[in-house]
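The sequence shown begins at -7 in the numbering used here and counts up one residue at a time.
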Amino acid sequence: MRFRSCYIPTLKETPADAEVISHKLLVRAGLIRKITSGVYTYMPLALRALRKIETVVREEMAQAGFEELLLPMVQPGDLWKESGRWEHYGKELLRFKDRGGRDYCLGPTHEEVVTDLVRGEVRSYKQLPVRHYQIQTKFRDEIRPRFGLMRGREFIMKDGYSFDADDAGASQAYRDANDAYHRIFSRLGLRFRAVEADSGSIGGSFSHEFHVLADAGEDTIASCSACDYAANVERCELVWEGKGEVPACPALETVATPGLHSVAEVAKFLGVAASKLVKTMIFNVDGKPVAVLVRGDREVNEVKVKNLLGAESAELAAPELVEKATGAPLGFAGPCGLDIPVYADLELQGGNGWVTGANKGDAHHVNVDLARDCKVERYLDLRLAEDGDRCPRCGAPLELTRGIEVGHIFKLGTKYSHAMHCVYLDEGGKEQEMVMGCYGIGVSRVLAAAIEQNHDGNGIVFPPAIAPFASEILVLDPADETVCAKAEELEKALASLGFESLVDDRTERPGVKFKDADLLGLPMQFICGGKGLAKGVVETKNRLTGEKGTLPADQLLEGAKAFAEAVQASWDARRK
Ligand code: ATP
Ligand code: MG
């Protein structure tokens, strides 16, 4: 393919709204263009890369026994009312009415639609299991679309669904999908980690996320340094190691702390460590205020609060609600005398003599004994994991890294089949609910994640399995017929080895071509020019390692083959 006949509008300037590197590079290399917030056009090179990702996904889903279909993107609101998600899904669900006034939405995910399909088709246990998947555009009206393809409102997802007669069948489907995901992300050449995860609004009992490891990731993953435990921090369990003996403490006192709101300010003023303070966070849990206590040097894990309290929603309360619940300005909330439920983190069972807010302006309590001075409803695992916390499985220290969630698999159980009456007749002719699973991959997010993990100061460094073309042939003297003929011979030799090339024979200066080649980041670069050919060579550059070399101009096929193997080997080494 000629560079000229492929639309690759590269830019020198970085787009002003791009915060992360993949967004900057995708725009600069001419792969995407924004039409409105969180909605992008995939230009030809991006589409090629997406097709490569999709091919790997299709092959491995087929291997795992899933059959491809294409479900409608426009979904009737009635199905969502049946599942109960019409009310609970929130504003991410883009809803609208047709001319007849009926409710519809754009599909953010397809549990309802696929469940409706299967309940209409399957009657008997003999028709199970059923495994379907699709690759389709999704729409979620994200509150903060950002980071280009990483968090779009419109994005491409592979979503798969399994229906089984029983738990054993559903577990097998889950394992098959899990294995397929390991193969997919390995084949794509990405460094990734599978972690235990929260089920979020999809629901279900059990789930794993697949994360591409990269600093720009929005998620934090806690991995054990000794065993194979890994979890999203949202979900990472923490155990309390204390013995339950609480040291005695003197009577509670109130001290003046004028204008001191933060943990750091109060700790400094009182001359104590931040870990001696108790933070009292007021949450709005399904519309009601609840106090959550953690040590002053810890953070509350909001997902744990929501899950452990069995809430539909739990978020930090607005200032008015905090002031109403505590009777004090922000920064002075404390557990003593509160008239709302108080939940404390497990760690607070181990100490005594705490410093807390006094529920009045400019004052704190000292010598607080939680058992003696306040009413704590329950002690629960409510805090966010930190570097060095103990692994809940083996006790070794946990390490925290950043990850980009590219895949998520869920055991749904009978959540949807129960709500939507998706049943079959068992061998005894008795009606049973199907046991479901669902399995997502953010195909367009994978493209961004691959770039987050693989780039340098000059541009994208595409993993071979994702690269829009395997190689770029830079024709330095496009007016020279011998040079052009050699470039064409090389393109053919590469094609015979199964590699597609982008041939840059534009009438641009060599410097422009070198820059663009590095920006586009195709794995193999071949530099074909009059000077090199006079010496009987075509030059090569491995985009990953930057290593330069030559191959004999009269043995292009052998030379290209050896170079391609060396480039692949450098990628294999990087993944290990
Ligand atoms: P996130 O936590 O990132 O919002 P999610 O947990 O809501 O994602 P799932 O419902 O698990 O997402 O969707 C399956 C996959 O779709 C995700 O693992 C992710 O790769 C992708 N995905 C989800 N939301 C977006 C988005 N806004 N833009 C791009 N990809 C997305
Ligand atoms: Mg998810």
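Note that the Cβ used here is the ideal one computed from N, Cα and C, for glycine as well. Quick caveat: nothing in here was measured; it's all calculated off a predicted structure.
Using the Cβ count rule (16 or more neighbours within 10 Å means buried), how would you classify residue i?
i, result
"Glu79", "exposed"
"Lys150", "buried"
"Gln55", "exposed"
"Ala223", "buried"
"Lys83", "exposed"
"Val427", "buried"
"Lys367", "exposed"
"Thr6", "exposed"
"Asp369", "A quick correction: the sequence has Glu, not Asp, at residue 369. Exposed, because fewer than 16 other Cβ atoms sit within 10 Å of the Cβ of Glu369."
"Pro100", "buried"
"Ser493", "buried"
"Glu397", "buried"
"Lys523", "exposed"
"Glu557", "exposed"
"Val231", "exposed"
"Ala569", "Since the displayed the chain opens at -7 and closes at 568, residue 569 lies outside it and no answer follows."
"Gly236", "exposed"
"Ile27", "exposed"
"Phe131", "buried"
"Ser436", "buried"
"Asp508", "buried"
"Ser75", "buried"
"Arg40", "buried"
"Lys268", "buried"
"Thr272", "buried"
"Glu539", "exposed"
"Asp108", "buried"
The ligand MG heavy atoms versus the CB of residue i: any closer than 7 Å?
i, result
"His203", "no"
"Gly192", "yes"
"Glu294", "no"
"Glu397", "yes"
Looking at the ligand ATP, does it come within less than 7 Å of residue i, judged from the CB to the closest heavy atom?
i, result
"His400", "yes"
"Ser436", "yes"
"Phe198", "no"
"Phe461", "no"
"Ile135", "no"
"Thr318", "no"
"Thr101", "yes"
"Met53", "no"
"Met428", "no"
"Phe147", "yes"
"Ile433", "yes"
"Arg375", "no"
"Gly144", "yes"
"Arg132", "yes"
Report back the beta-carbon spacing between residue i and residue j to the nearest angstrom; my notes put them in contact at under 8 Å.
i, j, result
"Gly30", "Glu134", "6 Å"
"Leu404", "Val225", "Rounded, the Cβ-Cβ distance is 24 Å, inconsistent with contact."
"Gly395", "Asp469", "Not a contact, Cβ separation roughly 46 Å."
"Glu46", "Cys430", "With 8 Å as the limit, Glu46 and Cys430 do not qualify as a contact, their Cβ atoms being about 19 Å apart."
"Val530", "Leu512", "Val530 to Leu512, Cβ: 19 Å. No contact."
"Leu571", "Leu374", "Shown here, the chain extends from -7 to 568; a query on residue 571 therefore has no answer."
"Leu514", "Leu141", "Contact doesn't hold; Cβ gap of about 19 Å is too wide."
"Gly234", "Gly345", "Gly234 to Gly345, Cβ: 15 Å. No contact."
"Phe184", "His203", "6 Å"
"Tyr96", "Val66", "6 Å"
Can you give the Cα-Cα distance for residue i and residue j, rounded to whole angstroms?
i, j, result
"Ala218", "His447", "30 Å"
"Cys(-2)", "Leu482", "19 Å"
"Asn387", "Glu52", "Per the sequence shown, residue 387 should be read as Gly rather than Asn. Near 36 Å, if we compare the C-alpha coordinates of Glu52 and Gly387."
"Lys260", "Leu372", "28 Å"
"Cys414", "Ser154", "12 Å"
"Ala214", "Leu392", "5 Å"
"Ala266", "Asp365", "20 Å"
"Asp337", "Ala310", "22 Å"
"Glu464", "Gly432", "33 Å"
"Arg111", "Gln164", "21 Å"
"Leu105", "Asp168", "The residue you asked about is not Leu; residue 105 is Val in the sequence shown. Those two C-alpha atoms are separated by around 23 Å."
"Asn276", "Tyr166", "35 Å"
"Lys298", "Leu308", "11 Å"
"Gly263", "Leu390", "30 Å"
"Pro460", "Leu63", "27 Å"
"Met516", "Arg535", "6 Å"
"Asn450", "Leu486", "25 Å"
"Gly551", "Thr532", "10 Å"
"Leu42", "Leu182", "15 Å"
Beta-carbon of residue i versus every beta-carbon of chain B: anything under 8 Å?
i, result
"Lys16", "Here chain B cannot be found, since the structure has a single protein chain."
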